[in-house]
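Only one structure is covered here, and it is reproduced in the block below.
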Amino acid sequence: MELMEAIRARKSYRNQFEDTPVPRNDLREILEAGVAAPSGCNMQTTQFIGVDDPVLVKRLAEIYGKEWALTAPAAILVLTKETMSPSGVSYHIHDYSAAMENLLLAITAKGYASVWVEGQIRGERAREMGRLLGVPEELTVAVYLPVGVPAKPMAEAVKKPFEERAWFNGYQKES
0 MELMEAIRAR KSYRNQFEDT PVPRNDLREI LEAGVAAPSG CNMQTTQFIG
50 VDDPVLVKRL AEIYGKEWAL TAPAAILVLT KETMSPSGVS YHIHDYSAAM
100 ENLLLAITAK GYASVWVEGQ IRGERAREMG RLLGVPEELT VAVYLPVGVP
150 AKPMAEAVKK PFEERAWFNG YQKES
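Heads up: the sequence shown is residues 0 to 174, going by numbering that gives the first Met the number 0.
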C-alpha cells in the first residue's frame, strides 16, 4: 500500500476483530515503524511492547474494559518517560505522537485495524497494564493499541473539506 493510500485509508476501529492471528513478523514490522519515528533532539523517549501472547492480550483488554477489545489477537503498548532536552524542554508527547502515527499507518498498510487508546487508560489502568508486562515504574504506559483484522466494515469519518482547514501563504487565503 502506498503512503498516501494508507493515510487516506486509516480509520479508528472500535469493533470486533476476526479470529486471525497477527504474525510475529507483521507485529515486528509495525513496531519497527514506531521505532523509526522522529524524536525531539533525537532523545528517542518512546518505547514499545508488542503483545501476541493470547493470555496477555486478553488481560490488557480486560484492563481497558471494552468488550470488543477482547477479540483483538494482538496489542501494542507505547511507553514514554518525560525527559528534558539540553535546552530544558520535554518532547516526550511529541515523540510518542509521531511514533503513534507511524504505527497506525503501518497497521493500516498491513491490512489490520486499531484505535489510539490513551485517555481511557490514564492513571491506574495504565499502571496495571505496565505491571502486567513488567514495565519499570519510571516509564509511563501512554497508549494501548488493540490490533487485528477488522471483522466489520470500518466507519467513515467525515472530514472537513481541505479548504476549511488548509491554505497557502496565510490564514484562510485562497492563493
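The C-beta atom is built at its ideal place from N, Cα and C for all residues, glycine as well.
None of the values given here were measured: they were computed from a predicted structure.
Through-space distance from residue j to residue i, alpha-carbon basis
| i | j | result |
| --- | --- | --- |
| Lys10 | Gln43 | 26 Å |
| Ala98 | Ala35 | 8 Å |
| Glu137 | Glu81 | 9 Å |
| Ile120 | Phe161 | 33 Å |
| His93 | Val114 | 18 Å |
| Tyr170 | Glu100 | 26 Å |
| Ala5 | Ala68 | 23 Å |
| Pro135 | Glu173 | 51 Å |
| Tyr63 | Ser89 | 28 Å |
| Val195 | Leu76 | Missing from the structure shown is residue 195; the chain here goes from 0 to 174 and no further. |
| Ser96 | Pro37 | 10 Å |
| Thr79 | Gln46 | 6 Å |
| Asp25 | Asn14 | 21 Å |
| Pro72 | Arg23 | 11 Å |
| Ile48 | Glu31 | 11 Å |
| Ala112 | Gly87 | 37 Å |
| Leu103 | Gly33 | 9 Å |
| Glu1 | Ala105 | 11 Å |
| Thr70 | Asp51 | 12 Å |
| Ala60 | Gly118 | 15 Å |
| Val116 | Glu66 | 14 Å |
| Thr107 | Asn168 | 33 Å |
Delimiting residues of the alpha helix (DSSP H) encompassing residue i
| i | result |
| --- | --- |
| Pro22 | Careful: Pro22 lies outside any alpha helix (DSSP H) and carries neither H nor E. |
| Met3 | Leu2 to Ala8 |
Residue i - partner residues in DSSP beta bridges
| i | result |
| --- | --- |
| Ser38 | According to DSSP, which records beta bridges pairwise, Ser38 is partnered with nothing at all. |
| Ala74 | Val50 and Pro145 |
Within-8 Å CB hit, residue i to chain C
| i | result |
| --- | --- |
| Phe47 | Of the chains in the structure shown, none is chain C; there is only one protein chain. |
Problem set entry | Every unbroken beta strand (DSSP E) inside the region 77-165 [3 residues or more] | 139-146
Exercise. When the Cβ atoms of the region 147-156 are set against those of the region 6-24, are three or more pairs found closer than 8 Å?
Worked result: yes
For this session: Taking 8 Å as the threshold, find out whether the region 139-147 comes into contact with the region 113-131 through three or more Cβ pairs.
Result: yes
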